[in-house]
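Here the sequence shown stands for residues 95 to 342, numbered as in the working numbering.
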Amino acid sequence: MSTSSLTLPSRRIPLMRQRWSELLFAHWPVAPEVLRPYLPARLELDLFEGQAWLGVVPFSMGGIRPLGLPAVPGLHHLHELNVRTYARLDGVPGVWFLSLDATNPFGVWAARTFFHLPYLHAEISLTQTGSALRAVAKRTHKGVAPATFAATWTPGQALPPTQPGTLAHFLTERYFLYTAGPNLLRDIQGPNLWRGQLFHEPWRLREATLSEWDSTLVESHGLPTPVGAPLLYAADALDVWVRELRRV
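Structure below.
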């Protein structure tokens, strides 16, 4: 799907507008059989040259508001950390989230209730010192495995636009998401599956260097600690439009 043009179809107006910033894509290659149990049977694990990928993505989400309405004070901004892999259904590629830790209690409730996504309550700070960004997080959601996160990275030189068929494009240019419900391991056994759609300009990626990484987000799902240094891309801020989820 190409999103180089943001002419939005009139018959399905997006529900919400957001602005994403201070974003880091961190990915590791993972054997497909390791991730397969975390997806419902109907979803195909999306592979790049036979390899599955697991990502951790910290970022800030601001300017959150329903389309055509002003932002609500106190509810228009949050920090997020998501753990993700990639899936497809009927040939449509998308993101599959194992968890989305976030700071705004109302936002977490709304995302779990209306978007069926596995959002979790967390305390997260995201600060900048010079050109370096630092995210620190502690999961506070009751009834789930605890997790902590601390990372410092420095965005670097701008990269050329990603091209279809490359790994960078596979990992970052995703305009659909899938979810089975807010309680991951229980809901993937159920009959429900939804597909959501996003609109935004192609990511403007940058090189990134890590000076700190200390995370138990992946391990909180019962997955082994990723091996080796992650593949990194920082990203410039962009505006995102979100459509409602539809059952598939």
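Virtual Cβ for every residue (Gly too), placed ideally from N, Cα, C.
Small disclaimer: the values here were computed from a predicted structure and weren't measured.
- If you keep only unbroken beta strand (DSSP E) runs of at least 3 residues inside the region 224-305, you get 226-233, 242-252, 270-273 and 288-293.
- Alanine 205 has its alpha-carbon roughly 13 angstroms from the corresponding atom of arginine 337.
- Between histidine 315 and valine 177 a beta carbon distance of about 7 angstroms is seen, short of the 8 angstroms cut, so the two are scored as contacting.
- Scanning its chain for C-beta atoms nearer than 8 angstroms, with the 5 sequence neighbours on each side dropped, one finds around alanine 274 the residues Pro134, His210, Asp281, Ile282, Gly284, Asn286, Leu287 and Trp288, in chain order.
- Counting along the chain, no alpha helix (DSSP H) covers arginine 178; the unbroken beta strand (DSSP E) around it starts and ends at 172-183.
- Here arginine 228 has Thr221 and Thr246 as same chain residues with Cβ atoms under 6 angstroms from its own Cβ, once five neighbours each way along the sequence are excluded.
- Here the region 136-148 lies against the region 181-201, with 3 or more beta-carbon pairs under 8 angstroms apart.
- In this structure leucine 279 is exposed. Its beta-carbon is surrounded by fewer than 16 other beta-carbon atoms within 10 angstroms.
- Separation of arginine 233 and leucine 332 (C-alpha to C-alpha, rounded to the nearest whole angstrom) is 26 angstroms.
- A straight line joining the alpha-carbon of leucine 292 with that of isoleucine 218 spans about 24 angstroms.
- A residue is called buried once 16 or more other Cβ atoms fall within 10 Å of its Cβ, and arginine 341, having fewer, is exposed.
- A residue is called buried when at least 16 other Cβ atoms come within 10 angstroms of its Cβ; aspartate 195 meets this threshold and is buried.
- Contact between threonine 242 and alanine 231 is confirmed by a C-beta separation of about 7 angstroms, below the 8 angstroms threshold.
- With respect to proline 324, histidine 173 sits apart: the two C-beta atoms are not nearer than 8 angstroms.
- The alpha-carbon separation between threonine 319 and glutamate 313 amounts to approximately 6 angstroms.
- Distance from the CA atom of glutamate 306 to the CA atom of proline 199, rounded to whole angstroms, is 28 angstroms.
- In this structure, the alpha-carbon of proline 255 lies about 8 angstroms from that of proline 296.
- Less than 8 angstroms separates the beta-carbon of glycine 290 from that of leucine 271.
- Per DSSP, the beta-bridge partners of tyrosine 327 are Phe119.
- Closest in alpha carbon position to leucine 339, among Gly188, Arg130, His235 and Pro131, is Gly188.
- Leucine 118 and proline 131 have their C-alpha atoms some 26 angstroms from each other.
- Leucine 175 and proline 152 do touch by the CB rule: their CB atoms are close to 5 angstroms apart, below 8 angstroms.
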